[in-house]
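To start, the structure itself, in structure tokens.
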Amino acid sequence: MAAPFDDIATAIVNGQRKMMGDAPAVDTARKAAGLNIDAGGRIMIVGDGVAAIESLIKAYSGVSGPLAERMCFMAAQSILKANPAVAIPTFSRF
Numbered sequence: 001m002a003a004p005f006d007d008i009a010t011a012i013v014n015g016q017r018k019m020m021g022d023a024p025a026v027d028t029a030r031k032a033a034g035l036n037i038d039a040g041g042r043i044m045i046v047g048d049g050v051a052a053i054e055s056l057i058k059a060y061s062g063v064s065g066p067l068a069e070r071m072c073f074m075a076a077q078s079i080l081k082a083n084p085a086v087a088i089p090t091f092s093r094f
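When the letters of the sequence shown are read in order and numbered with this note's numbering, they come out as residues 1 to 94.
This is how it looks when you write it as structure tokens:
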């Protein structure tokens, strides 16, 4: 089940790249627990996918405030719809 989480993380980081710029978005994502970004920019979840996505959302919220949660949700929405078994607690209010 790692693939949907990898895809969600990639979508979130790509969405934040559009908002923050490439380097700040990637630097912020690298602070998230359970997430690896290789030199080529490939994003991989290591361990618990839900915890890693929650950590990623928290990292962006720490920089951009509460609006970042909504932006992360919007970036991941199509992947979440395609994978209804995947539940991210922060997104439950959207």
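For every residue, glycine included, the Cβ atom is placed at its ideal position computed from N, Cα and C.
In this text, all values refer to a predicted model and were calculated from it rather than measured experimentally.
Limits of the alpha helix (DSSP H) - the one that residue i falls within
i, result
"VAL79", "In the sequence on display, residue 79 carries Ile and not Val. Residues 67-82."
Alpha carbon of residue i to alpha carbon of residue j, nearest angstrom
i, j, result
"LEU67", "GLY41", "25 Å"
"GLN77", "PRO4", "12 Å"
"ILE43", "ASN36", "6 Å"
"LEU56", "PRO84", "20 Å"
"MET71", "GLY15", "7 Å"
"ALA32", "GLU54", "9 Å"
"ASP6", "VAL86", "12 Å"
"ALA75", "ALA39", "23 Å"
Contact under 9 Å by Cβ, residue i with residue j
i, j, result
"VAL26", "VAL46", "no"
"ALA59", "THR28", "yes"
"GLY62", "ILE8", "no"
"GLY65", "ALA52", "no"
Residue i, enclosing beta strand (DSSP E) - first and last residue
i, result
"ILE45", "43-45"
"ILE37", "35-37"
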